[in-house]
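Notes for the one structure printed next.
Numbering (UniProt numbering), first residue to last: 1 to 43.
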């Protein structure tokens, strides 16, 4: 029951999880763009 009544870690997670996931999305996006640009139809 303490986990429900103590929201301190929830605030930290609500900031940390979106930032980390955005970082991974940016990296995946950059890799996808590089992969698409190395396709033979572009060059």
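The beta-carbon is built from N, C-alpha and C at its ideal position, and this holds for glycine as well.
Quantities reported herein were computed from a predicted structural model and do not represent experimental measurements.
| Item | Value |
| --- | --- |
| Could you tell me the distance, in whole angstroms, from the CA atom of residue 40 to the CA atom of residue 12? | 45 Å |
| Rounded to whole angstroms, what is the Cα-Cα separation between residue 25 and residue 33? | 12 Å |
| Regarding residue 22 and the ligand SAH, is the C-beta to nearest heavy atom distance less than 6 Å? | The ligand SAH is not among the ligands present in this structure, which contains no ligands whatsoever. |
| Roughly how many angstroms separate the alpha carbons of residue 31 and residue 21, rounded to a whole number? | 15 Å |
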